[in-house]
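J.: Take -14 as the starting number for the sequence shown in my numbering and just add one per residue. By construction, the Cβ of each residue, glycine as well, lies at the ideal position given by its N, Cα and C atoms. These numbers were taken from a predicted model, which means no experiment stands behind them.
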Amino acid sequence: MNPFTLKDYAGPEYFCNRKSETEKIVNAAQNQRNLTLSSIRKMGKTGLIHHVFHQLSEINEMDTVYFDIYHTESLSGFINKLGTSLLAEKESWPEKVKRMTKYFIRHIRPTITFDGLTGLPALSFNIENESSGIRTLEDIFGFLAERSNEKPMIVAIDEFQQIVNYPENNIEALLRVNIQKLQNVSFIFSGSDKQLLASMFTDAKKPFYQSTEWMYLEEIPQDDYSIFIKEKFTSGFILIDDEAVKEILRQTHSHTYYVQFLCNKLYGSDIKEITVETVKQTLSDILEENDVYYSEYRNLLTKQQWNLLLALAREEGISQVTSSSFIHKHNLSNAATIRRGIKSLMDKNMIYKKGIKYYVYDVFFAKWLKRL
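1. Since Met138 is in the beta strand (DSSP E), which residue starts that stretch and which ends it?
2. Taking the C-alpha atoms as reference points, what is the distance between Leu358 and Thr263?
3. Give the secondary structure of Glu274 by DSSP, where H, G and I count as helix, E and B as strand, and everything else as coil.
4. In terms of residue numbering, what span does the beta strand (DSSP E) encompassing Val50 cover?
5. Do you know how far the Cα of Cys1 is from the Cα of Asn249?
6. Just mark His240 as buried or exposed, buried being the case when its beta carbon has 16 or more other beta carbons within 10 Å.
7. Assuming Lys30 and Ser175 form a contact by the criterion Cβ under 8 Å, report the distance between their Cβ atoms to the nearest whole angstrom.
8. Helix, strand or coil, according to DSSP, for Lys190 in the structure here?
9. Measure the alpha-carbon distance for Phe213 versus Ser220 and round it to whole angstroms.
10. Can you tell me the Cβ-Cβ gap for Val306 and Ile323, rounded? I've got them flagged as a contact below 8 Å.
11. List the whole-angstrom C-beta distance separating Lys217 from Pro(-12), where the pair is believed to meet the contact cut-off of C-beta under 8 Å.
12. From Thr260, Asp208, Ser254, pick the residue whose C-alpha is nearest to that of Glu400; which is it?
13. Do you know how far the Cα of Val149 is from the Cα of Thr310?
14. Using 8 Å as the cut-off, can you tell me whether the stretch 339 to 353 makes contact with the stretch 290 to 308, which would need three or more C-beta pairs spanning the two stretches below that distance?
15. What do you get for Glu6, buried or exposed, if any count of 16 or more other CB atoms within 10 angstroms of its CB means buried?
16. Terminal residues of the continuous beta strand (DSSP E) containing Lys166?
17. Just reading off the alpha helix (DSSP H) that Glu328 is part of, what are its end residues?
18. Are the beta-carbon atoms belonging to Ile125 and Asn19 less than 9 Å from one another?
19. Would you be able to state if there are at least three C-beta pairs under 8 Å between the stretch 139 to 148 and the stretch 51 to 64?
20. Do Ala13 and Ser171 count as a contact pair if the criterion is CB distance below 9 Å?
21. Lys333: which of Thr287, Ser308, Ala320 sits nearest, CA to CA?
22. Exposed or buried, Ser269, counting other C-beta atoms within 10 Å across all chains shown (16 or more means buried)?
23. Taking DSSP as the reference, what is the three-state secondary structure of Lys339?
24. Please confirm whether Tyr243 and Val348 have their CB atoms less than 9 Å apart.
25. Measure from the alpha carbon of Arg161 to the alpha carbon of each residue in Ser196, Glu131, Thr187, Gln168, then state which is nearest.
26. Given a cut-off of 9 Å, decide if Ile312 and Ala320 are closer than it, judged by their beta-carbon atoms.
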C-alpha cells in the first residue's frame, strides 16, 4: 500500500504527528468540553478527527459520530446527514433503526435506503415544513440523550459554518438549545471558514458565544513531516536524500494534502532514488496533467479577476493588495476593482487570507499560474 494516502484517514501508521492536537481534543472529549476546530481546506482536519476517534475506540471509552454538512442546504439536509451518521455506529443497523424509530415515529417515519455502490444504509426524512423539521431534530437529540446515558459520545460536525446559510430562522439557537440538553455528549465543530466560524463562537450576540474552546490547525512542523516522509520512503526500499525532502515541503508549503499528493506520486513511480530533480520533474508532470482543468478557470472568471488571481500567485502571499506598487507591478486596474475581485475570489474559495496576507488556495494551481 502507498503510505501517502489521499483518503481522510487510513490508520495511525499513515498519520503524521499531530500529537499535541490529538491529546487536546481527546482531553476535551473525555471532560465533556466542546471544541471548535478550524483550518484552511485540505490541511487535515477530517483526518485528525478520525485519528482522535481511533484513539478513543482503542480504549473503548466513547461512541463516535461524524458527519459532514458542507453540501447541505437546509435543516432537512442536516437531519438526514445526522440520521445516516447514527446508522454508521458500531451497533448493528437493524437494532439501531428499531431504537431510533422509537423517537422518530411520533412525528415522521424515516425511510431507509441503501447506497448502490457501498451497500451502506442511509436515513432520509420527508420533512414537509420547518415545524416538522424542528420536531424531528428534537427527536434525534432525544435518541442521542438515551444512547449517551449508556456510553458517553462525541459528535463531530464538519463544515459547521454551513448552517449559517440555511433558510430556516434561528437555526443556530435551535441547535444550541438542543445541544445544551445533552449531558454525556461532547461536540467538535469543524470548518474551513475561519472568519465565519469565529463570528459564530466569539460574537456575544450569537447563540454559540463562548460555548467551546478553539483550535486552529496549522501546518505540520517541517522537522516532524521530514522524518515521516523519509521513514515511509525508506520502508518501501526507496532512497530519498534530505534535500529532496526539503524540496517537497518547500514546493508544497507543507500544506498537508499537497505534500501527500506529491509524495504519493513519487512513491508510486518506478524511481528508486528520489532527488531534488526528481521532485521538480514530478511536480512539473502534475501541473501538466492538470493543464486542461486549470485552464478552464479562465472561462469562469472575469478578466479582472483572472489577472488579480495571477498576480496573487506570483507574489506567493501579499497583504497590500490595493497599494499602487502592487497595482502597477501587475498592470491591474484600480483599488476599488481589486477589493471587489478579492471578495469574489474568496467567495469562490479560490483564495484565502492568512494573517494579513492573501494566497491562492490550490498550491498546485498557484504553481501553474506562475508559469504563465
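T.: Per the coordinate set shown:
1. Here the beta strand (DSSP E) through Met138 covers 138 to 143.
2. Because the chain is modelled from -14 through 357, residue 358 falls outside the range shown and cannot be assessed.
3. The DSSP-derived three-state label of Glu274 is helix.
4. Val50 -> beta strand (DSSP E) spans 48 to 53.
5. Answer to the nearest angstrom: the Cα atoms are 14 Å apart.
6. Per the 10 Å Cβ criterion, buried.
7. Yes, they are in contact, since the Cβ atoms of Lys30 and Ser175 sit about 5 Å apart, within 8 Å.
8. Lys190 carries a coil assignment under DSSP once its states are collapsed to helix, strand and coil.
9. So the two alpha carbons sit approximately 11 Å from each other.
10. Confirmed, about 6 Å.
11. Rounded, the Cβ-Cβ distance is 4 Å, consistent with contact.
12. Residue 400 cannot be examined here, being either before or after the span of the chain that is shown, -14 to 357.
13. The question names Thr, but residue 310 is Ser in the sequence shown. Answer to the nearest angstrom: the Cα atoms are 38 Å apart.
14. The stretch 339 to 353 is in contact with the stretch 290 to 308.
15. Buried, by the Cβ-count rule.
16. Taken as a continuous stretch (DSSP letters only), Lys166 belongs to no beta strand (DSSP E), as it is neither H nor E.
17. First, the residue type needs correcting, since residue 328 is Lys and not Glu in the sequence shown. Start and end: 320 to 332.
18. Not a contact, by the Cβ cut-off of 9 Å.
19. These segments touch.
20. Contact annotation: Ser171 and Ala13 have beta-carbon atoms nearer than 9 Å.
21. Taking only the C-alpha atoms, the option nearest Lys333 is Thr287.
22. Exposed: under 16 other Cβ atoms inside 10 Å.
23. In the structure shown, Lys339 falls within a strand segment according to DSSP collapsed to helix, strand and coil.
24. Using a Cβ distance threshold of 9 Å, Tyr243 and Val348 count as a contacting pair.
25. The option with the nearest alpha carbon to Arg161 is Ser196.
26. It is a contact, given that the beta carbons lie within the stated cut-off.
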